[in-house]
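If you're matching positions, the sequence shown starts at -2 in our numbering and goes up one per residue.
Notes follow the structure.
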Amino acid sequence: MSPGLPGPALALGLLALLLLLLPGTRSDCGPLPKLNYAIPSDMDWIEGFPVDTQVTYKCRDGFFKIPGKSDTVVCLSNSQWSNINEFCGQYLKTLSFIPKVTKRSFLMSNVWD
């Protein structure tokens, strides 16, 4: 066999590689869903998620995860993210002034009423 043109196997391999590099030919999911009160736990990876990739979110400061609600999305085989609903609740703001009630002040208020 003389050196010359590459064999058909090499040409097919290069063609397959090119097809994989073209946008939209891989079954990756696009950008992550945006949530009002949560952000992805790992911000290092923001695009090009392969099928079956799971991404977990964490609640923003001032919010807490509601038990029983999912905080994870999955890249599905149709290149879409699984559904996710808001799963964070907001902490109640505390009063800046709470009167101190003691046994004596409670008893005195009952005497005068």
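Every residue gets a Cβ at the ideal spot worked out from N, C-alpha and C, and that includes glycine.
Computed from a prediction, not measured in an experiment: that's the story for all the values here.
Where residue i and residue j are concerned, what is the direct C-alpha to C-alpha distance, given to the nearest angstrom?
{"i": "VAL48", "j": "GLU83", "result": "23 Å"}
{"i": "TYR34", "j": "VAL52", "result": "16 Å"}
{"i": "PHE46", "j": "SER38", "result": "15 Å"}
{"i": "CYS56", "j": "LYS90", "result": "17 Å"}
{"i": "GLU44", "j": "GLY27", "result": "6 Å"}
Can you tell me whether DSSP reads residue i as helix, strand or coil?
{"i": "LYS66", "result": "coil"}
{"i": "ILE36", "result": "strand"}
{"i": "PHE60", "result": "strand"}
{"i": "LYS31", "result": "coil"}
{"i": "VAL52", "result": "strand"}
{"i": "GLY45", "result": "coil"}
How far does the beta strand (DSSP E) with residue i in it reach, from first residue to last?
{"i": "GLN77", "result": "Note, GLN77: premise wrong, no beta strand (DSSP E); not H, not E."}
{"i": "CYS85", "result": "85 to 87"}
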